[in-house]
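Since the structure comes first, as structure tokens, the remarks are kept for the end.
2 protein chains.
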Amino acid sequence: MTAMNRRVLLKSRPSGEPTVANFEISDAPIPEPKEGEYLSRTIWMSLDPYMRGRMDDAKGYAANVNLGDPMVGGTVGQVLKSRNPKFKEGDYIAEFSGWQSHAVSNGAGVMKLDPAAAPISTALSVVGMPGMTAWWGLMQIGKPKAGETVVVSAASGAVGSVVGQLARLRGCRAVGIAGGKDKCDYVVKELGFDACIDYRAEGTNLFKAIRAACPKGIDIYFENVGGAVQAAILPQMNDFGRIPLCGLISQYNATAMSPGPDWRLLLIKRLTVSGFIVSDHFTTMGEFWKEVPAAVRGGQIKYREDIVKGIDNAPEAFIGLLKGRNFGKLLIQVGDDPTRK
Amino acid sequence: MTAMNRRVLLKSRPSGEPTVANFEISDAPIPEPKEGEYLSRTIWMSLDPYMRGRMDDAKGYAANVNLGDPMVGGTVGQVLKSRNPKFKEGDYIAEFSGWQSHAVSNGAGVMKLDPAAAPISTALSVVGMPGMTAWWGLMQIGKPKAGETVVVSAASGAVGSVVGQLARLRGCRAVGIAGGKDKCDYVVKELGFDACIDYRAEGTNLFKAIRAACPKGIDIYFENVGGAVQAAILPQMNDFGRIPLCGLISQYNATAMSPGPDWRLLLIKRLTVSGFIVSDHFTTMGEFWKEVPAAVRGGQIKYREDIVKGIDNAPEAFIGLLKGRNFGKLLIQVGDDPTRK
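In order, the protein sequences belong to chains Z and L.
The letter at position 4 of the first sequence is residue 4 when you use the working numbering, and the numbering goes up by one with no holes.
The letter at position 290 of the second sequence is residue 1290 when you use the working numbering, and the numbering goes up by one with no holes.
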């Protein structure tokens, strides 16, 4: 247990790509829990693309981070001291305490974790927010039917990897888009996708590479990236195709608007595009909880973690995430995980 | 009965706006019905924006018109001679015989009309394809709830006028966008919309005018036009808004792609955009038939026809339609209507 609460604050708002200068490492006294609260230490901290939007001033779908406050984000931790009868010292919890080593909470929205059910870090990936994102977008918007072709961008990432594996479990052809040979090999050989296209290697040949991997066209495009990948995919959508719009990571650092596709394409092909954010749907995830944790334990759904040790390295790791440098779910290990051998 | 079949053929494909030179008026012998067929004379011919796409070479959602063939389109006619036991001389029918004064048909997809149930011309407007388009897009994609705000562009037209009236019947605030004071007055005073904005008069003030008319934001935008109207509306959509994408008339004459909005807008607001064409849904229109014809007879849904006499005037009238010159459902009267006083 460190003597201080180590925090990463938002120091200034980025214009375009964030730099480490937008963040500030800062120690503060460890807070004391009041009656009804508990104090936890952070073990795992999640870094996710949506956090880029929280750094801006502009209205997004959630409140922005105020300058001088810790960055927000999901965490897995352990209770150190409790004045709340629902939480005991030593309990493992998934919470939303942000980029800091310690936090107090009244327990609202906090989930207790059973280390025997799944590794506690997966509460930030495949059986946490990214897994739910994949499940909700694919099932509720994509509505996959056996024999259909599902394409997902950022396919080796925390969301994309689950999308493709769920699609396979439903009898669909799953095609990933990822950056680099290692990621594509992993997506096909480890995760079992039918194909994966390296958008960096293909360059201007991307359209043709997608066509070769999707000989029957594309029924569902799970959108995580936007930009050139989207432009190559949309003309290859089949009539009545569905596009769960989950993220647009290639545009998050853009300082100007990024024009989208001509809507005549959506009209002629009768496409549906639906933007969504998983936190709107946390209360209607019943089917997710029935299916996904068991599939992870049974090995039908695999996952990969990209672990960076030390909270001080979070800014650099986050900047890399926006550039696709991570390989698997990006986690910051802030403290010791006693459940891990 | 004329001695010849008067036809309007597609002579050449337009680049951008069509001109009368793209069409050719041509007489041909009146065809003879074979066994199982009937011959009809055209009384009413429908002109609709979608026909612009049929003039192109590019793939649309239906087959293009071949050069030298009559333009396609919905018609209302009367049987002159029949060798099909289901159709008798004198029967009124709604069919899809295109821009010509006479046609033979085997009766597939043809609907018999009862002049006592509704004026036969309305089979081309409010109780025909445009009315079904309004109903399907609003109900199946828009899913209006009482108290929501519904905005529809081309509000005085065959589709838009029904969208707004159906929205009002469901307890929504209905706001139209139309071009010119006369149309806006009609939309509010005759059709009962809550407000209508003259996009031509407002010009660069359009965004503010829409905001004033939609103080609670916009829940459903029924899209018929695209372009500047769309650009002013999208930022005013409420979270979880729905956009039935029915048409993009402002873009139909464009020779290059028209960039659409930044998808970050769809993502942040969790909007759904769904392109549709009513002919995909003709077999699932049961609720439409229960509601709309009775509402038209009862006066809860009103309509307006813009009648141009003479098939030779169809090209000029169609060109005007694409510029918004019509006021109400544009019909060509090709022959005498004995059911009209």
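All C-beta atoms, glycine included, are put in the ideal place defined by N, C-alpha and C.
query: Rounded distance between the beta-carbons of alanine 155/Z and phenylalanine 193/Z, thought under 8 Å; result: 7 Å
query: Partners in chain L for methionine 257/Z, counting only beta-carbon separations shorter than 7 Å; result: Asp1262
query: Min CB distance valine 76/Z to chain A below 7 Å; result: Checking the listed chains, one finds no chain A in this structure; the protein chains it contains are Z and L.
query: Cβ neighbours of phenylalanine 1240/L in the same chain (closer than 7 Å, five flanking residues each side left out); result: Arg1270
query: Contact with chain Z by phenylalanine 1282/L, beta-carbon distance below 7 Å; result: no
query: Buried versus exposed, by CB contacts within 10 Å (16 or more), valine 52/Z; result: Correcting the residue type first, residue 52/Z is arginine in the shown sequence and not valine. Buried, because 16 or more other Cβ atoms sit within 10 Å of the Cβ of arginine 52/Z.
query: Beta-ladder partner(s) of serine 101/Z, from DSSP; result: According to DSSP, which records beta bridges pairwise, serine 101/Z is partnered with nothing at all.
query: Classification of methionine 45/Z by the beta-carbon crowding that lies within 10 angstroms, buried from 16 upward; result: buried
query: N-terminal and C-terminal residue of the beta strand (DSSP E) that cysteine 172/Z is part of; result: No beta strand (DSSP E) holds cysteine 172/Z; DSSP gives it neither H nor E.
query: For serine 250/Z, three-class secondary structure by DSSP; result: helix
query: Within chain Z, partners of isoleucine 1319/L - CB distance below 8 Å; result: Ordered by position in chain Z, no residue passes the 8 Å Cβ test against isoleucine 1319/L, which lies about 20 Å from the chain.
query: Within chain L, partners of threonine 42/Z - CB distance below 7 Å; result: Under the 7 Å cutoff, chain L gives no residues; its nearest Cβ is about 29 Å from threonine 42/Z.
query: Any chain Z beta carbon closer than 7 Å to arginine 1270/L; result: yes
query: For tyrosine 252/Z and tyrosine 1221/L, the rounded distance between their alpha carbons; result: 26 Å
query: With 16 other Cβ atoms within 10 Å as the buried cut-off, status of serine 1015/L; result: exposed
query: With 16 other Cβ atoms within 10 Å as the buried cut-off, status of methionine 1001/L; result: In this predicted model, methionine 1001/L has a pLDDT of only 48, less than 50, meaning its place in the structure is not dependable; the value taken from the coordinates is given anyway. Result: exposed.
query: Paired residues, beta bridge with threonine 1339/L - DSSP; result: In the DSSP output, where bridge partners are listed per residue, threonine 1339/L has none listed.
query: Per-residue burial, methionine 1071/L [other beta carbons within 10 Å of its own, 16 or more giving buried]; result: buried
query: Supposed close pair isoleucine 1243/L, threonine 1272/L - CB separation, criterion 8 Å; result: 7 Å
query: Residues near glycine 1142/L by beta carbon distance below 6 Å, same chain, minus five either side; result: Ile1220, Arg1242 and Pro1244
query: Inter-residue spacing [alpha-carbon to alpha-carbon] between lysine 34/Z and asparagine 1224/L; result: 58 Å
query: Contact list for the segment 1173–1205 of chain L against chain Z, Cβ threshold 9 Å; result: none
query: Straight-line gap, alanine 1118/L to methionine 1132/L (C-alpha atoms, nearest Å); result: 15 Å
query: Proximity to glutamate 1316/L [Cα-Cα], best of Val1008/L, Ile1177/L and Met1004/L; result: Val1008/L
query: Test: leucine 1234/L CB closer than 7 Å to a CB of chain Z; result: no
query: Residue of Ala1146/L, Arg1083/L and Val1020/L minimising C-alpha distance to alanine 1174/L; result: Ala1146/L
query: Identified DSSP bridge partners for methionine 1004/L; result: Pro1029/L
query: Length of the line joining the Cα atoms of isoleucine 25/Z and asparagine 313/Z; result: 10 Å
query: Own chain residues within Cβ distance below 7 Å of asparagine 64/Z, not counting five before or after; result: Arg54, Asp56 and Asp57
query: Three-way DSSP call (helix, strand, coil) for glutamine 300/Z in this model; result: coil
query: CB contact check: glycine 147/Z to chain L, cutoff 7 Å; result: no
query: Neighbourhood of valine 104/Z by C-beta, 6 Å cutoff - its chain only, sequence neighbours within 5 removed; result: Pro31, Pro33, Glu37 and Leu39
query: Own chain partners of glycine 1180/L with C-beta closer than 7 Å, once the 5 adjacent residues on each side are dropped; result: Asp1198 and Arg1200
query: Inter-residue Cα distance where the pair is leucine 67/Z and threonine 1149/L; result: 36 Å
query: Of the listed residues Leu266/Z, Asn84/Z, Trp136/Z and Thr122/Z, nearest to threonine 283/Z (C-alpha basis); result: Trp136/Z
query: Residue burial classification, glutamate 190/Z (beta-carbon count within 10 angstroms, cutoff 16); result: exposed
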